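Accompanying notes for the structure given below.
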Ligand code: AHM
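Numbering (my numbering), first residue to last: 46 to 377.
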């Protein structure tokens with residue numbers, strides 16, 4: 046008789062991991078469970094886009110980055126904040142959608158040792174055209190004393206201090222990918238039971254690849270070294286260019302298939318577009334744990350000292366061997 050391998054849900058997986066560390070308190074697992082719950086709620090709304098009038102389109106405001114805020118951006122932000130606020134594992138949140146940190150200043154939250162940094166809905170300019178979008182998060186241990194409200198200091202930590210990071214991709218299927226220093230694992234949402242189930246165990250970015258992902262429309266605004274690298278890619282017979290314009294989708298593909306993702310600075314925007322704390326750091330953390338590399342062109346992304354919540358950074362990340370060629374060309 047054929048026996049079916051039983052798949053592990055996200056909760057079962059985090060509990061199994063916990064069992065290997067009897068001293069662990071389970072707070073990080075609890076936080077991941079909360080984020081998974083918010084992701085499922087966001088997924089339901091994302092899937093309704095196109096059917097329900099009041100989901101698509103602009104919310105009519107501009108965020109701190111100067112970008113149009115979409116209604117789904119706000120929905121995702123509210124869901125994540127409310128789940129984390131109602132939980133018992135998070136002291137506060139920094140979100141791309143909010144100017145300032147959100148401090149959950151109550152007795153229980155003040156005792157929580159973690160803070161969460163997030164881009165609730167990345168690639169939101171793609172919502173209206175039914176293209177993959179994502180949520181990105183990282184979790185840091187706070188540096189201020191437990192029992193007090195968290196402060197900005199807890200959020201302005203370099204990426205090397207990240208404890209866990211991940212993303213949710215709302216694509217042809219919905220996946221939650223998260224990593225701790227022990228490894229990166231991917232969970233696919235099984236809509237029949239409403240659970241994220243382990244589908245990609247111990248994800249490793251192939252050491253080499255053939256995909257390069259960059260917005261060619263900015264080619265003439267890039268510095269000559271970046272252009273040289275793009276030309277180098279064009280000259281490789283087996284290379285192919287893929288760019289969705291939704292970093293979660295672009296990086297998820299490259300993580301699985303091997304490749305590099307570039308969002309360099311331009312003449313007008315030397316620091317590029319992506320935010321260090323909400324986008325670059327979590328993706329760099331995952332990529333490094335999965336065996337890849339991530340830099341701002343010169344420095345390891347995870348070592349860049351944050352000076353402001355919404356600071357931007359150029360980003361280059363992906364397969365180790367391609368990244369070595371790229372950084373060699375950028376720094377020669
Ligand atoms: P958005 O959330 O406002 O859409 O911006 C973030 C996105 C990233 O996901 C993506 O990599 C980048 O912006 C694409 O920018 P561009 O259109 O300049 O290539």
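Yeah, the Cβ is synthetic: ideal placement off N, Cα and C, and Gly gets one too. Note that the coordinates shown come from a computational prediction; the quantities given were computed from them, not determined experimentally.
About 14 Å separates the beta carbons of residue 295 and residue 367, which is beyond the 8 Å limit, so they are not a contact pair. In this structure, the alpha-carbon of residue 54 lies about 43 Å from that of residue 315. Residues 229, 231 and 335 of the same chain have their beta carbon placed closer than 6 Å to that of residue 248, with the five preceding and five following residues left out of the count. In this structure residue 284 touches residue 255 by the C-beta definition: roughly 5 Å separates them, less than 8 Å.
Residue 304 has its CB no nearer than 7 Å to any heavy atom of the ligand AHM. Taken from the Cβ of residue 122, every heavy atom of the ligand AHM lies 7 Å or farther away. In this structure, residue 117 lies near residue 166, with their beta-carbon atoms less than 8 Å apart. Within the stretch 112-185, the runs of alpha helix (DSSP H) that reach at least 4 residues and sit entirely inside it are, in chain order, 116-131 and 152-155. Restricting attention to 216, 150, 78 and 161, the CA atom closest to the CA of residue 175 is found in 216. Per DSSP, the unbroken alpha helix (DSSP H) holding residue 328 starts and ends at 326-334. For the pair residue 362 and residue 337, the CB atoms are nearer than the 8 Å cut-off. When the five nearest sequence neighbours on each side are left out, the beta carbons in the same chain lying within less than 7 Å of the beta carbon of residue 121 are those of 87, 165, 166 and 180, in order along the chain. DSSP, reduced to helix, strand and coil, places residue 357 within a strand of the structure shown. For residue 292, the shortest separation between its Cβ and any heavy atom of the ligand AHM lies below 7 Å. Selection 373, 242, 263 and 301 evaluated against residue 56 yields 242 as nearest (Cα-Cα). Pairing residue 160 with residue 200 gives a Cβ-Cβ distance under 8 Å. Residue state for residue 58 is assigned as helix, using DSSP reduced to three classes. Spatial neighbours of residue 358 in its own chain (CB-CB distance under 8 Å, excluding positions within 5 residues in sequence) are listed in chain order as 316, 317, 319, 320, 321, 325, 341, 346 and 349. With fewer than 16 neighbouring CB atoms inside 10 Å of its own CB, residue 264 falls in the exposed class. At the C-beta level, residue 133 and residue 157 come within 8 Å of one another.
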